[in-house]
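Residue numbers (the working numbering), protein chains in the order written: chain A, 1 to 359; chain B, 1001 to 1359; chain C, 2001 to 2359; chain D, 3001 to 3359. Beta carbons are placed, not taken as given, at the ideal position from N, Cα and C, and that holds for glycine. These numbers come from a predicted model, not from an experiment. For reference, the structure is listed below as structure tokens.
4 protein chains.
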Amino acid sequence: MVRNGRVDAPAEERVDFRSDNVSGALPEVLEALVAEGRRRDAAYGEDASSRALTEELAALFEHEVAVLPVATGTAANALALALYTPPWGAVYSHAHAHIQVSECGAPEGYTGGAKLVPLEGGADGKLGPRAVSAAIHREGSVHAVQPAVVSVSQATETGCVYTPAELGALAEVARAHGMAVHVDGARFANALVASGHTPAELTWRAGVDVLAFGATKNGCVLAEALILFQPARARELAFRRKRAGQLLSKQRFSAVQLRAYLAEGRWLRAAQHANEVARRLAAGLEARGVELAAPVHTNQVFPRLNDAEASALRARGAAFYDWPTLGAGVRRLVTAFDTRTEDVDAFLHALPPRVSASV
Amino acid sequence: MVRNGRVDAPAEERVDFRSDNVSGALPEVLEALVAEGRRRDAAYGEDASSRALTEELAALFEHEVAVLPVATGTAANALALALYTPPWGAVYSHAHAHIQVSECGAPEGYTGGAKLVPLEGGADGKLGPRAVSAAIHREGSVHAVQPAVVSVSQATETGCVYTPAELGALAEVARAHGMAVHVDGARFANALVASGHTPAELTWRAGVDVLAFGATKNGCVLAEALILFQPARARELAFRRKRAGQLLSKQRFSAVQLRAYLAEGRWLRAAQHANEVARRLAAGLEARGVELAAPVHTNQVFPRLNDAEASALRARGAAFYDWPTLGAGVRRLVTAFDTRTEDVDAFLHALPPRVSASV
Amino acid sequence: MVRNGRVDAPAEERVDFRSDNVSGALPEVLEALVAEGRRRDAAYGEDASSRALTEELAALFEHEVAVLPVATGTAANALALALYTPPWGAVYSHAHAHIQVSECGAPEGYTGGAKLVPLEGGADGKLGPRAVSAAIHREGSVHAVQPAVVSVSQATETGCVYTPAELGALAEVARAHGMAVHVDGARFANALVASGHTPAELTWRAGVDVLAFGATKNGCVLAEALILFQPARARELAFRRKRAGQLLSKQRFSAVQLRAYLAEGRWLRAAQHANEVARRLAAGLEARGVELAAPVHTNQVFPRLNDAEASALRARGAAFYDWPTLGAGVRRLVTAFDTRTEDVDAFLHALPPRVSASV
Amino acid sequence: MVRNGRVDAPAEERVDFRSDNVSGALPEVLEALVAEGRRRDAAYGEDASSRALTEELAALFEHEVAVLPVATGTAANALALALYTPPWGAVYSHAHAHIQVSECGAPEGYTGGAKLVPLEGGADGKLGPRAVSAAIHREGSVHAVQPAVVSVSQATETGCVYTPAELGALAEVARAHGMAVHVDGARFANALVASGHTPAELTWRAGVDVLAFGATKNGCVLAEALILFQPARARELAFRRKRAGQLLSKQRFSAVQLRAYLAEGRWLRAAQHANEVARRLAAGLEARGVELAAPVHTNQVFPRLNDAEASALRARGAAFYDWPTLGAGVRRLVTAFDTRTEDVDAFLHALPPRVSASV
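Right, here's the structure in full:
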């Protein structure tokens, strides 16, 4: 945008903060695809790469796991919920959770019509154990849906990170009512590097049963996977996945992406970069007097910008979404592994100077 | 196998006729992925490549189309059927159709519980109009499922090809009962080049409403698409696709594969090759006195081999499936765009000589 | 209870305010069953009584209608919602609506996984048009469920009555977003007589598309019916009903109940009586210093009683439910057509006298 | 008909052999309804009659049972199948079974999209163990639906009766593949009295897990019940029933029907009568040279009548269905507990005399 002033800049010349799924892919992930494309191997996950991936994730998470690659994060979430939620079950999550507002009812569909109970939580997108406890009514009554799953997003839709203690408190409520704990990890890598914890500490050690492990936003082409910490449940999940049209014939092309993504800490560096440029963006905005509607833990920034500012930025080629969920005037800026420092600076430069600090 | 005699040959050294989805990918498809991986663009099909793909397919099929990429052929079929089949609808297909026997009930799930009526057809896997007519009972009665879709596989599960006239006859029955016509085109390219017809002649001109256009088996990494010849139905289909977890965030990585696949007739040459090596395989088998259980129109060969022969071939590293559906002793051999002539010859060479022609 | 002081009083000797579905049946309804039981007639609604019922309801509602008897109110609601809500649709209702909290997810099941959006409303259980408008997000976006139905209970779960103007305002919002309006009329008769309006004024004239017409609570044995004011939609609904196992083979036994119930204004007198004894109960409670948590429009009374009072009443044989939804200490008392004035007086007599008016 | 010669005879004056669900109700069943209608009792099966019914059925079947009344036979079948069949499961039954052809896909809907595999069986409507074994393919493969239930109708759709040995042979195949055995007992009473066996011998002792116990056709107003011989599964079934809108609020009105029906062997006498008049009808037809397409075990007779004969009978007021499933010219005549001997004789009298025995 600032580079050439055209409104209709080609995609690669725009400063695009709409989502981290506008990103490209990590070079090593692409190389892995090319290498695999020259090979032949068994279909439907019977290949060598799929097996190796499971072993590598087990080592990474320090726990026996079952790994089921799928095509999208929505599918990963919906399958995980369907595994643990009967049609008469209830899934408790933050009212703004992706599974609640951005999956067009996929979890309801995959579960055969379970109920997703939207709960009030913090502005940081986090759900607390008391909100869950308070929402559970008429346990055991045939007239009411029954507790099945507590679902959290890690990082949250507001870019914030649950601590292991917070997860543990939710898991305790879950256990008390016979529920499982699901993590929507579309941005798990961003949360992980921000948290300073290990994958194990942020998952099974804190009581998590199943993780929708996202990799597409952070450098893969198309690679999401369900990671089950109760591998005995994988058999049922395999049938559910197949019926959902989510068993990839050439699954090895997903597996090699994930292996390249995880190798040598690449996924962590990619997320670290996204988080860092988000912090740079946040700092720059605050320095210009812009208020942020949520703390910046990971790769999302939620500034309050008035309409004139938003229009000016867009006229100069910046792309981003309004985010009224967090209040009037709030916008969402998402960075990715391939967001350049110069993109951040161009955005800040394009922001009209404020005469006063108030929006 | 014959190359090194090891039973546990690495995948790339085996003569693997289990399926065409053990294949790698076309070099140009891989190059397109790499190029796209260096770019950023809009998510969820709002990108330039997705738009271009639709235009190119419209030109190719000589008809306005809506194009919805999805992750798997099962998803493509199940979504197509769900679009045209209410929960109280009936889908008529050959009893051996992939949607009947190899999708673990995905069509029943996607449709909300419609009925797939298995019909007797020829040994070539083809369904005839009389079988469909005869199966329609109690039209209009609330006690019975109602006619909704006639579904055919092109090429069939037995590797054979419907002529435009055969499709037209089915479409006529379909129209008479208010049904749509669905084509499972997992191997559409193989059928197309074998038929000598144009894409239009094998689809909408013959009465086809929706095509599950497979590309993964014939040279893509992971790329299937629904092609709708009634684009007005695309809006409903878009909601169904999203709910199914089949709206790819980085859909452009599917679109660029398909564009590279279609460009310069690559897909046709790939299929042509697969068909040719299948014919070579068939000819070689027949020359050795082996009977084939079905005519070889495309890239599948169904020889009758006794157990000793099958074991000997497997011991020498050949991989293939038994196919009792077509009779005792029948095996399935599938070739692909990257099956080498030498693989075929090695297989034939590995076949123990017959003292008599009887199996 | 006060009659014999036994805790384990036989059912018919208790003062049972748990629900109006603990009631018996109107004598004329029983006589109609006996008379029909001596006849033979066509099954599945092809009988004379079913036809006559439709004509009588059309006259009563002053509108062409389709009438589909079903077994339960839950089924009536869920079928009505399924008719107007695609799997990717949203149903807007009060958070305390029966469809939200007391049907174990039946609407989600019948719709194939649609989303029931719980909205805040008044303490009277009523939903306002602004709450509906505010809840509609991302109309047209494939990522979000789409507006499909506004659902209200008439009377509400708190026993209150929507005016035609209130219904009309909701219908206006509904129309603006292409939604239908559904009324859960489990206690429609009670609302009707309390409102002073005609059936037409409380339904289609106010914009209602479909009414779940309850009769079981108000004097029938087992008789609920869907009344469609768009009879053209009945054909689809007929298939949905059959698939739901709700097409009654001997439907005529439901039809004759409903005919006897409606004849000579019996249903109105029955509801009138239930409402009157509820008012007597409310007045008696208030005279004894008991606060009511909701206004008494129909046959439900929600007193605040402390635990000692509740226990004392139960010890003397009274039966009722705690109703914490309306606040701490709130209890629900439901009267019916066969609640006797002496039952009300016995209950009031059994209430321990208060030394002060505060609970 | 023969009574007054009018084509448009009132329902009660016609000789109606369309189905046993055109029948009225047993006097004692009606009396029980009237008595219960004067009482008040708990809703949703918490009443005294529902408890007593369970005890009486346990005594009758000589086994602990759970009893869940529902509204229709379709619901009873679909719920039973849903309890034992996951969405990726297969239900094996005769191709002409009611669940296959007359329930509009209800089982597919209730199960969340399982597959009902239609099998060839005898002209008597019976399924054999070899047909089941032969239909089971790819057990354990994620690509195929998995064995879940063997379902039989007792009596069959052709009116025939399985012996305990025949049921046991099917149960053995079922057990070998981890399947449950379901009996559609819409006409269980007719089968029972024809068999000469006890309820236990025709159910759990022969390996049956769940019985859809029909009573509506044989003398009740509206009363069907699921009888579970594994009562531990009742909790899950209770949630499924509620979600299906099949938990009757005034369930006691179903329970008292069933109690009166079972008391003093009334149900057996009713079925005995229906079977006897069917045999009289069959004998009369054969004496007139009419061939029967199936043996007459219970209350259904399937004569071959030419179109002139069928028209003549209908012109004289007889009502019955054509039944082409059993061959050209076959008609179905169903008797009931309230079919009079004189109705049978009138029908036979109305049949035009044959000059030769050929149809």
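Just to confirm, are residue i and residue j a CB contact at a threshold of 8 Å?
i, j, result
"Lys2250 (chain C)", "Val3221 (chain D)", "yes"
"Gln3154 (chain D)", "Trp3088 (chain D)", "no"
"His63 (chain A)", "Phe213 (chain A)", "no"
"Arg18 (chain A)", "Val277 (chain A)", "no"
"Arg266 (chain A)", "Glu28 (chain A)", "yes"
"Leu1226 (chain B)", "Ser1151 (chain B)", "no"
In the DSSP assignment, the alpha helix (DSSP H) including residue i goes from what residue to what residue?
i, result
"Pro1129 (chain B)", "1129-1135"
"Leu2326 (chain C)", "Here Leu2326 (chain C) belongs to no alpha helix (DSSP H), and DSSP marks it neither H nor E."
Quick check: is the beta carbon of residue i nearer than 8 Å to any beta carbon in chain B?
i, result
"His3096 (chain D)", "no"
"Ser23 (chain A)", "yes"
"Ser3019 (chain D)", "no"
"Gly3122 (chain D)", "no"
"Phe320 (chain A)", "no"
"Val2296 (chain C)", "no"
Are the C-beta atoms of residue i and some chain A residue less than 8 Å apart?
i, result
"His3143 (chain D)", "yes"
"Phe3302 (chain D)", "no"
"Asp1016 (chain B)", "yes"
"Ala1058 (chain B)", "no"
"Lys2217 (chain C)", "no"
"Trp2088 (chain C)", "yes"
"Val1091 (chain B)", "no"
Going by DSSP, what residue range makes up the beta strand (DSSP E) through residue i?
i, result
"Val2091 (chain C)", "2089-2094"
"Lys1126 (chain B)", "Taken as a continuous stretch (DSSP letters only), Lys1126 (chain B) belongs to no beta strand (DSSP E), as it is neither H nor E."
"Val1334 (chain B)", "1331-1334"
"Leu268 (chain A)", "No beta strand (DSSP E) contains Leu268 (chain A), which is instead part of the alpha helix (DSSP H) from 266-287."
"Pro3411 (chain D)", "The displayed coordinates of chain D run from 3001 to 3359. Any statement about residue 3411 (chain D) would go beyond what the structure contains."
So, does the CB of residue i fall closer than 8 Å to a CB anywhere in chain C?
i, result
"Gly3229 (chain D)", "Contrary to the premise, residue 3229 (chain D) reads as Phe rather than Gly in this sequence. For Phe3229 (chain D), the answer is no, since every Cβ of chain C falls outside 8 Å of its Cβ."
"Val3002 (chain D)", "With a pLDDT of only 34 at Val3002 (chain D), under 50, the local geometry of the prediction cannot be trusted, and no value is derived from it."
"Gly1128 (chain B)", "no"
"Ala3078 (chain D)", "yes"
Examine chain D for any beta-carbon lying closer than 8 Å to the beta-carbon of residue i, and answer yes or no.
i, result
"Arg40 (chain A)", "no"
"Asp2338 (chain C)", "yes"
Could you tell me which chain A residues have their CB closer than 9 Å to the CB of residue i, listed as they occur along the chain?
i, result
"Trp3267 (chain D)", "Those do not exist, as Trp3267 (chain D) stays about 28 Å from chain A at its closest Cβ, beyond 9 Å."
What does residue i reach in chain B if we use C-beta pairs closer than 8 Å?
i, result
"Thr72 (chain A)", "Ala1071, Gly1245, Gln1246, Leu1247, Leu1248, Ser1249"
Anything in chain C within Cβ reach of residue i, meaning under 8 Å, just list it in chain order.
i, result
"Lys3242 (chain D)", "Thr2074, Glu2103, Cys2104, Ala2106"
Relative to the ligand SAM, is the shortest distance from any of its heavy atoms to the C-beta of residue i smaller than 7 Å?
i, result
"Gly2037 (chain C)", "Ligands displayed in this structure: none; no statement on the ligand SAM is therefore possible."
Would you mind telling me which residues of chain B sit closer than 7 Å to residue i, beta carbon to beta carbon, in chain order?
i, result
"Ala2238 (chain C)", "Val1142"
Give the residues of chain A in contact with residue i, contact being defined as C-beta atoms less than 7 Å apart.
i, result
"Ala1043 (chain B)", "Ser19, Asn21, Val22"
"Gly1037 (chain B)", "Gly24, Ala25, Leu30, Val221"
Which chain D residues are close to residue i, counting only those with a beta carbon under 9 Å from its beta carbon?
i, result
"Gly178 (chain A)", "The premise fails here: Gly178 (chain A) is roughly 13 Å from chain D at the closest Cβ pair, so nothing lies under 9 Å."
"Ala1225 (chain B)", "What Ala1225 (chain B) touches in chain D: nothing, since even the nearest Cβ is about 22 Å away."
In chain C, which residues lie less than 7 Å from residue i when you measure between Cβ atoms?
i, result
"Phe3253 (chain D)", "Val2221, Leu2222"
"Leu3033 (chain D)", "Leu2030, Leu2033, Val2221"
For residue i, go through chain A and note every residue whose CB falls closer than 8 Å to its CB, in chain order.
i, result
"Gly2109 (chain C)", "Pro87, Gly112, Gly113"
Which whole runs of the alpha helix (DSSP H) in the region 2010-2085 of chain C are 4 residues long or more, in chain order?
-> 2027-2037, 2048-2061, 2073-2084
Length at least 4, wholly inside the region 146-228 of chain A: the alpha helix (DSSP H) runs in chain order | Counting whole runs of 4 or more residues, the region 146-228 of chain A contains the alpha helix (DSSP H) stretches 164-176, 188-195.
When Cβ atoms are compared, which residues of the region 267-286 of chain A fall closer than 7 Å to chain F?
-> Protein chains A, B, C and D are contained in the structure displayed, whereas chain F is not.
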